[in-house]
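Each residue of the sequence shown is one higher than the one before, starting from 452 at the first, in this note's numbering.
Glycine included, every Cβ here is placed at the ideal spot set by N, Cα and C.
Working notes for the structure below.
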Amino acid sequence: MSFHRDWGCPSAPPENAMPPSPHARARLLPLLLACLLASACGPVADDEGGRPGSEDPLEGPFHPVVDLRADVNRNGIVELDNPAEDEDEDTWTAERGAIFLANLDDDEHACPFSMDPHRISDDALAQCHDAMDAVVNGESDLEDLARLRTVPWPEAPAGTVGSVIVSGAAGKKVRLFKRVRGNFISGGFPDTVFLSTAEIRRGVVLAIEGRDIVRDPEEWDGFADVVLTIGRNNPHDPVFTDTVRMRVAPVVLFHHMTPAWNVFVSKPAASIEANQFRQALGGVLADSGERMVYSEFAVDDLWAQDYFEPAYMSMPAPEGRQHVMKVNYRAPHVYNTDANAPLRAAGRIAFWLRGPDTAAIQQYQQGMSMASQTLNSFGNTEVIPPYEKDGVTYPLGRLFRGRGPDSRPDYQPDPSFTQMLEAQAVQPPIYVDTSWLFVDHVDETFTFLPAPTPRGWIALVADPALARRILQDAQARGHGDAKLFAGLSWAYSIPAEASIAEVLDNPGLMDASAVAALEIDTQLSILREETGLTDADIIRVPFLFQNASDGVTAYQPATLNLLSLTPTQVIAPDPHGPLLDGEDPFKTRFEEALGAHGIHVHWVDAWAPFHIAQGQVHCATQSARQVPDVKWWEGGR
452 MSFHRDWGCP SAPPENAMPP SPHARARLLP LLLACLLASA CGPVADDEGG RPGSEDPLEG
512 PFHPVVDLRA DVNRNGIVEL DNPAEDEDED TWTAERGAIF LANLDDDEHA CPFSMDPHRI
572 SDDALAQCHD AMDAVVNGES DLEDLARLRT VPWPEAPAGT VGSVIVSGAA GKKVRLFKRV
632 RGNFISGGFP DTVFLSTAEI RRGVVLAIEG RDIVRDPEEW DGFADVVLTI GRNNPHDPVF
692 TDTVRMRVAP VVLFHHMTPA WNVFVSKPAA SIEANQFRQA LGGVLADSGE RMVYSEFAVD
752 DLWAQDYFEP AYMSMPAPEG RQHVMKVNYR APHVYNTDAN APLRAAGRIA FWLRGPDTAA
812 IQQYQQGMSM ASQTLNSFGN TEVIPPYEKD GVTYPLGRLF RGRGPDSRPD YQPDPSFTQM
872 LEAQAVQPPI YVDTSWLFVD HVDETFTFLP APTPRGWIAL VADPALARRI LQDAQARGHG
932 DAKLFAGLSW AYSIPAEASI AEVLDNPGLM DASAVAALEI DTQLSILREE TGLTDADIIR
992 VPFLFQNASD GVTAYQPATL NLLSLTPTQV IAPDPHGPLL DGEDPFKTRF EEALGAHGIH
1052 VHWVDAWAPF HIAQGQVHCA TQSARQVPDV KWWEGGR
C-alpha cells in the first residue's frame, strides 16, 4: 500500500530522531522547499509524474488560496463544496470539530504474540500495532485513518510551495500521510507533509493517524492543530496559513444499557468445578435465545472480569454511522519483579484479542504496594449508565471505581492507569472507599441494570440488614432449622451448611454484616449525591457478610454480582438459601424485584470454585457489548 519517497536534500532524519520544534520547522520550511524545487537536488515526482518548480517563479502580488478541510461537521466525509466544513474549523466543541483514531489495532495480524513472557515481554507486546510504522497496512488500516484535503488553487504561480504540519505536543503523537499515485505515504517527519506547486494547484488528500491515546494530559491533551502553510520561494514574501483542530477519540467503556454480544470466561486446566460452571453458563447462553459469542481462554486464572476490560473508540462515518475500533485494556496488576513480565499473566489475553479493528492498551506503574493491586482489577471499575443531574448530562455514563482512603496513599489504584482513564474525559469517574472489603471491588456491592423507568436504569445495592430481617422473619415463622448451603462445603471440605438459627446466633457474621451495612450506606450516599438516585431507582439485594483476613466478604452468594446479557436477561449466582415451603426466599425476592422491571433471571451454580474464593458470576465472566447509538463527541466533553 505504500512506497518510499525520496524527498531529496536535505536528507530525511530517521524516525526516532528528535524533530525540530514547530517554530524552527516553520523557519526551515522555505529552505527545505527551495531545495526540493531546485534542480540540483534531483527530481521529486508528484502525483502526475511532473517535476514541481520547473516553471520560472512568478513576480508580483501573491494572494494564495489556503484552505485545509477536515470532517468538521462530522458526517464522515470531507467536503470541499460545503462551506460548513470551513466554519470554526480551528475550534472543537460538542457540535463541531474533526476527529481521528489512535491506530492501535493490528489489521494484518503482523504483531507477534505469546503467553510466554520470555519469548516476548509485556512491554514488547504493547509496542506493536499499526501506528508503530510509517506504512498504511492495507485497505482495512486505511479505514482507520481520518482524512484531510486541501482546496485546489489551480492558478497557483510557479514557485508556490507548502506544507502541512501538526503543531505542538501533538506532533509526536500523530502521523500524517499524503496520497501519491493512489497510495498514502509518510515522509521523513511523521508530523509534516510537503506540498509541491502541482499539488497545491490540484489539491491533495491527506490522512492522519494517532500513534497513541491520551495517557497524561499534561503531556498531550488529545487535540491536534493541523496547519496548512503556503508561501513562495522568496524569502521576502509572507506565508499564509489555515488551521484545523482535531481530537483523538477517547476510549469508552461499556455500560449495561446495551446488550452483550461476546461473553468471555477462563478455562483453567485443572478445575473440575470451573469446567462445570462453564458448561452451565454455556447452556444458559444457549437458552437465552440471543445470538452470542462464547469465548473461553485457556488461562489458569479464574477471574475473567478482572484481568482485561473491553471498550471502544470511534469516529464519524458516512450516513450517521460510527467507525468503531474495539479496545481491550489490560489490567495494571504488577505482580512480579521480572522485567519481562511484571504484570498479571492472564492479562496478555488483551493482546491475543488484538487484530483487525481491535486494539489492546497497557499502562502501569511500578512501586505500589502488593496489597493495593486488587484495586486494579476491572471488577473494581464499573460504569454507571447515562443520566442527567442539575442540568449536567453524562450521555455515556460515568466510571464507578473503588479506592482506599486518603490516609493510605500506598493503597490506591495504579496512579498512571487512573490518570489515563480520567484523561479520556467522557466518563468522569465517581470514587468510593472499598478498602473495607476483602477483595476491594465495587462489583461486590453495586451493579446497574436497564429498566423501563423515568431514569432508564436501576441500581442494585447490597443490603445485609435486609438479609438479616428475612432470616429473622423465617425463624419467627418456625423455620429456624431450615438450612442455608445444604450439602455444600467451603474450601478444604469444611462443611458450609448452617441453619437459620445458627446463622443469626453467629456474632462474627452479624458484626461483619453490620460493618458492611454502614460502609455500603456511605457508598450509596456518594452515589445518591452524584447521580440523584432516589429510593424508586434502587433495588435492595439481601445477603450477609463474613469476616476475612483483611476486611469482609460475602457470606451468601452475592446475587447482584451478575452478568447482564440484555435489557431483559441476567445470569446470577444461585444463593443456596434455605427452602421455606419449597422456595428459597432469596431467589424469590430477587426474581420478583427484577421481574417488576421486565428482567428474567437465569440461575447458575457459582459456589465452587468462585464463591468459596470470594467471587461470583460477574467476577468469573467478562463481556463485550454493542456500541451505544449515542456518539461520544456529542457529549460536550
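6 angstroms CB neighbourhood of residue i in its chain, flanking five on each side removed
i     : result
D539  : R547
A797  : V750, D752, Y758
T611  : T648, I651, R683
A1059 : E724
I977  : V883
V617  : V625, D642, A675, V677
F994  : A918, A1005, Q1007, A1009
A477  : With a pLDDT of 40 at A477, under the threshold of 50, the predicted position of this residue should be treated as unreliable, though the coordinate-derived value follows. Nothing listed; no residue qualifies.
P563  : I571
M871  : R666, Q814
L593  : V587
Bridge partner(s) assigned by DSSP for residue i
i     : result
T1072 : V716
T611  : R683
H774  : M766
L627  : I659
S950  : K934
L519  : T601
D1034 : With the sequence shown as reference, residue 1034 is identified as Glu, and Asp is not the correct amino acid for it. For E1034, which the question treats as bridged, DSSP gives the partners L1031.
R781  : F759
T709  : In DSSP, T709 forms no bridge with anything.
G806  : T809
V644  : V615
V912  : F897, R991
S940  : P946
First through last residue of the alpha helix (DSSP H) which encompasses residue i
i    : result
S765 : Element bounds for S765: not the alpha helix (DSSP H) but the beta strand (DSSP E), 759-767.
R653 : 648-653
N791 : Counting along the chain, N791 falls outside any alpha helix (DSSP H), and DSSP gives it neither H nor E.
V586 : Segment: none, V586 is in no alpha helix (DSSP H) and carries neither H nor E.
I921 : 915-927
N726 : 723-738
Residue burial classification, residue i (beta-carbon count within 10 angstroms, cutoff 16)
i     : result
R825  : Checking the sequence, you will find Thr at residue 825 rather than Arg. Classification of T825: buried, given that the 10 Å Cβ count is 16 or more.
D914  : buried
E833  : buried
T985  : exposed
W1084 : buried
D861  : exposed
A762  : buried
R852  : buried
L484  : Bear in mind that a pLDDT of 46 at L484, under 50, signals an unreliable position, so the model cannot answer this.
W941  : exposed
R920  : exposed
R854  : buried
I945  : exposed
G1049 : exposed
D972  : exposed
Residues near residue i in its chain [Cβ-Cβ closer than 7 angstroms; skip 5 each side]
i     : result
E1101 : Since the first residue of the chain shown is 452 and the last is 1088, residue 1101 is not available in this structure.
S505  : Because the pLDDT at S505 is just 38, under 50, the model does not fix this residue reliably, and the value given afterwards should be weighed accordingly. Within the same chain, S505 has no close Cβ partners at all.
L939  : A947, E948, H1027, W1058
L679  : V517, L519, T601, G613, V615, T692, D693
V1052 : V1021, A1023, F1041, E1042, L1045
W712  : M743, V744, A1075, R1076, Q1077
F936  : A947, E948, A949, H1027
V890  : T825, T1004, Q1065
R991  : V912, D914, L917
Q1067 : P1008, A1009, N1012, P1024, A1057, F1061
L1031 : A925, H930, A933
Residue range of the beta strand (DSSP E) that includes residue i
i     : result
V656  : 656-661
A749  : It is not in any beta strand (DSSP E) - A749 carries neither H nor E in the DSSP assignment.
D693  : 691-699
V1055 : 1051-1055
F635  : 634-636
Own chain partners of residue i with C-beta closer than 8 angstroms, once the 5 adjacent residues on each side are dropped
i     : result
G1086 : A545, T844, Y845, P846, L847, V877
T773  : Here residue 773 is Gln; the residue named in the question, Thr, does not match the sequence. Closer than 8 angstroms at Cβ, skipping near neighbours: S765, M766, P767, V1078, K1082.
R859  : S886
task = Let me know the beta strand (DSSP E) ranges lying completely inside the segment 831-906, each 3 residues or longer, listed in chain order.
result = Runs found: 832-835, 838-840, 843-845, 849-854, 881-884, 897-901.
Runs of beta strand (DSSP E) lying entirely within the segment 963-1028, each at least 3 residues, in chain order = Within the segment 963-1028, the runs of beta strand (DSSP E) at least 3 residues long that lie entirely inside it are, in chain order, 989-992, 996-999, 1002-1005, 1014-1017, 1020-1024.
message = My parser needs the beta strand (DSSP E) runs of 3 or more residues fully inside the segment 523-592; what are they?
response = Restricting attention to beta strand (DSSP E) runs no shorter than 3 residues, the segment 523-592 encloses them at 549-551, ordered along the chain.
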